[in-house]
Amino acid sequence: MTEKAQRLLQFVGVGEKNAVSAKKIQAALGFSPRITRLLKAETREGSDPSKMIISSNKGYFVAENIHELERYASKEFARARENRENARAAVAAKHKVIASTPRGEGL
Numbered sequence: 001m002t003e004k005a006q007r008l009l010q011f012v013g014v015g016e017k018n019a020v021s022a023k024k025i026q027a028a029l030g031f032s033p034r035i036t037r038l039l040k041a042e043t044r045e046g047s048d049p050s051k052m053i054i055s056s057n058k059g060y061f062v063a064e065n066i067h068e069l070e071r072y073a074s075k076e077f078a079r080a081r082e083n084r085e086n087a088r089a090a091v092a093a094k095h096k097v098i099a100s101t102p103r104g105e106g107l
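Numbering of the sequence shown is given in the working numbering, commencing with residue 1 and proceeding in unit increments.
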C-alpha cells in the first residue's frame with residue numbers, strides 16, 4: 001500500500017458514524033475526490049477488512065464490524081444491478097429509435 005493510501009487509512013474513522021467527507025479529506029490531506037477514490041480502491045487490494053476503506057453518503061470510513069461490511073456489499077450489488085438494468089433499457093431504446101427512423105434521416 002502506498003504512503004498516500006496509508007495516510008488516508010489513518011485519517012478516516014472506524015464505523016459509519018465516524019465517516020469523513022471528501023471535502024474534509026481534501027482540506028486535511030490535500031487529496032482531490034478523484035485521488036481519494038483511487039486510494040480507497042487501493043486499500044481493497046490487500047483484502048484485509050480492517051484496512052479496507054468503504055464509503056456511504058456520509059463519507060469514507062473503515063467498517064467497524066462485519067455487519068457494516070455486509071451492508072456496504074449489499075448496497076453495491078444493488079447499485080450494480082440497477083446500473084445493468086438502466087444500461088439494457090438505454091440500448092433497447094436506442095434500437096427502437098433506429099428502427100423507427102426512416103433511412104436518410106440522421107439522429
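Even glycine gets a Cβ: it sits at the ideal position worked out from N, Cα and C.
DSSP places F61 in the uninterrupted beta strand (DSSP E) bounded by 59-62. Annotation: the region 12-49 contains no complete segment of the beta strand (DSSP E) (minimum length 3 residues). For the set E82, L29, M52, G59, the Cα lying nearest the Cα of E70 is the one of M52. Each residue's CA atom was taken as its position, placing R88 and K40 some 29 angstroms apart. K94 has its alpha-carbon roughly 44 angstroms from the corresponding atom of S50. Going by C-alpha positions, S56 is about 8 angstroms away from Y72. For N86, the enclosing alpha helix (DSSP H) stretches over residues 66-100. Contact annotation: E76 and E16 have beta-carbon atoms that are not nearer than 7 angstroms. Buried is the label assigned to T43, since at least 16 other Cβ atoms lie within 10 Å of its Cβ.
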